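First comes the structure, then the notes that go with it.
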Amino acid sequence: MFDINEIEWINALYQIAAFFVLLLLLKKFAFGPVMNMMEKREKHVADQIATAEKNREESEKYLKDQREAVQAAREEAKEIVENTQKMSDLQAKEILNSAREEANRMKENAKQEINSEKAQAISELREQVSTLSVLVASKVIEKELDEQEQEKLIQETLREVGEGL
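Counting along the sequence shown from 1, when you hit position 149 you're at 1409 in our numbering, and nothing is skipped either side.
Written as structure tokens, this is what we have:
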């Protein structure tokens, strides 16, 4: 009949076969989906890490660009301020030079006007003196006067001339 050793071998083979069937079933229904899910999760995490790294690099690049833009804006503003300062200094010098030239021109015009008025006054004075001299001479000639009458005549003539002015 059956020997115990035979039964044990058949039982062992049966258990081994059942174990492999169980392994195949577990692989198909348990390990496969779990492994697929783990692979998807791993891929998702790797994508998230790659996206985060990419975003970090982009933000660092953007930050660097912004810092460079701010530095460029500062330099441009400094240059504008310097140019404005230079232009205002130049305009101030031009205004001062223009004012000096205008003052000198006005001074020269005033000197010319003063000299002209002085010459005119001297001319008028000469005319008056000559008129006065002629008038005094004609009165002296008209009558021979003594010293008091001559002084009186001169004072009267001066008054007449003074009223004429």
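Glycine is no exception: its CB is placed at the ideal position from the N, C-alpha and C atoms.
Just so you know, these numbers come straight off a predicted model, no measurement behind them.
- Taking the C-beta atoms as reference points, I1414 is found no nearer than 8 Å to V1394.
- Put simply, the backbone Cα of V1330 is about 50 Å away from that of N1364.
- The beta carbons of L1392 and T1417 sit closer together than 8 Å.
- Between the alpha carbons of K1353 and N1315 lies a gap of roughly 56 Å.
- Note on geometry: alpha-carbon atoms of K1303 and V1294 lie some 14 Å from one another.
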